[in-house]
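To start, the structure itself, in structure tokens.
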Amino acid sequence: MLANVALFGLGLVGVTLFGVQDVLAAEPAAAAAAGITLGQGLALLGVGLPTGLAAIGAAIALGPIGSASLAVIAEKPEMFGRTLIYMGLAEGIAIYGLVMSILLLGKI
């Protein structure tokens, strides 16, 4: 366990030290991003919210559906197709959020 923690620490230090050069090299890209106004930033945040919230809602829905599906499949394997349909309906929530974000991104 101690060896894993030490290896993780060394890797973290290495990434930090070598990552500094990448950040310093990216200064011209940061100058281009400075042109985003507060309104544009809030609009981009609002575009991302439907996807994030829909994904959280889909995760909340898929938890109980997935566990119930596994229980049903264990008892009746012929119900596999129906359980996939129920899980697909719950996953559709996240897809609807992604579609809304794409539509909103087209308005910016």
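Per this note's numbering: the sequence shown = residues 1144 to 1251.
Glycine included, each C-beta is placed from N, C-alpha and C at the ideal position.
Bear in mind that the values here come from a model prediction, so they are computed numbers and not experimental data.
Spatial distance of residue i from residue j (CA atoms)
i	j	result
Met1144	Val1158	21 Å
Lys1250	Ile1199	24 Å
Leu1246	Leu1181	21 Å
Leu1160	Leu1153	11 Å
Neighbour-count burial assignment, residue i, 16 or more Cβ in a 10 Å radius
i	result
Pro1207	exposed
Ala1211	exposed
Ala1220	The identity of residue 1220 in the sequence shown is Pro, whereas the question assumes Ala. Pro1220 should be labelled exposed.
Ala1237	buried
Ala1201	buried
Ala1217	exposed
Ala1197	buried
Close beta carbons around residue i, own chain, < 8 Å, minus the five adjacent residues each side
i	result
Gly1268	Here the chain covers residues 1144 to 1251 and nothing more, so residue 1268 does not appear.
Gly1209	Met1230
Cβ shell of residue i (< 7 Å), same chain only, five flanking positions each side left out
i	result
Val1215	Met1222 and Thr1226
Would you list, in sequence order, the uninterrupted alpha helix (DSSP H) runs of no fewer than 4 residues that lie entirely inside the region 1176–1219?
1181–1218
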